[in-house]
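Residue numbers (the numbering used here): 31 to 241.
Working notes, beginning with the structure itself.
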Ligand SMILES: C[S@@+](CC[C@H](N)C(=O)[O-])C[C@H]1O[C@@H](n2cnc3c(N)ncnc32)[C@H](O)[C@@H]1O
């Protein structure tokens, strides 16, 4: 089930600014990827870019690079001395992303890590302003626990796919990923150290602010 009506999705797409040429190219080339649906795409990407531009973050962490679309959007708002760290497990996808990062106007500020985020995050001794969680769903709670202590006060965590194709709405949900997302949403809900809002953008985006 698609949680957002397809006509609403396409209307939203139509009334959103077209991405710049590099993002358009990433989108076009990724369309041939067997997991093309994983890309953030125009609407969510524009939201990420605008939020980042408003925040002007010094340190961004992205968990789950894929072909680099969301990283390029988030990097657009970086402060002059800012850095975006992005982590990808799969070598092929990291290689694709790396090619796009190299020709981006933020090339010097994007640091791509190849490997398992659970191992890499503890090695990054940074105070995060903005974190985008967009990797394997069973890892979400662990990623949240790992990054929250190093998120500055007022900093933002965004977690993608929190509606998980509408499967979280089904009380009898059985899929491993839908159950993991439900557990994550419950975990955030009971965390008194943050404020959060579930945005019905694309597949659901949880926006969490540390108090
Ligand atoms: C939904 S895609 C990311 C999409 C990307 N953020 C975008 O909007 O274009 C999830 C990515 O996370 C990666 N991934 C899954 N588990 C991971 C892990 N433990 N560490 C790092 N990356 C992981 C996958 O290989 C996949 O490329």
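For glycine and all other residues, C-beta sits at the position ideal for the given N, C-alpha and C.
Computed from a predicted structure; not experimentally measured.
To the nearest angstrom, how far is the alpha carbon of residue 211 from that of residue 71? For residue 211 and residue 71, the distance between alpha carbons rounds to 21 Å.
Select from 74, 35, 36, 68 the residue whose C-alpha is nearest the C-alpha of residue 235. Distances from the CA of residue 235 to each of 74, 35, 36, 68 were compared; the closest alpha carbon is that of 74.
Start and end of the alpha helix (DSSP H) containing residue 233? Counting along the chain, residue 233 sits inside no alpha helix (DSSP H), nor does DSSP assign it H or E at all.
Where does residue 162 sit, in a helix, a strand or coil, going by DSSP? Looking at residue 162 - three-state DSSP - the assignment turns out to be strand.
Report buried or exposed for residue 31, applying the criterion of at least 16 other Cβ atoms within 10 angstroms of its Cβ. By the neighbour-count criterion, in which 16 or more other beta carbons inside 10 Å mark a residue as buried, residue 31 falls on the exposed side.
Taking residue 189 as part of the beta strand (DSSP E), name the residues at either end of that continuous run. In the DSSP assignment, residue 189 falls within the unbroken beta strand (DSSP E) covering 181-190.
If I'm right that residue 233 touches residue 191 with Cβ under 8 Å, what's the distance once you round it to whole angstroms? With a Cβ gap of about 5 Å, residue 233 and residue 191 count as contacting.
Local conformation of residue 20 per DSSP, three classes: The structure shown does not extend to residue 20, since the chain is modelled only from 31 through 241, so no value can be given for it.
From the DSSP output, in three-state form, read off residue 89 for me. Three-state result, residue 89: strand.
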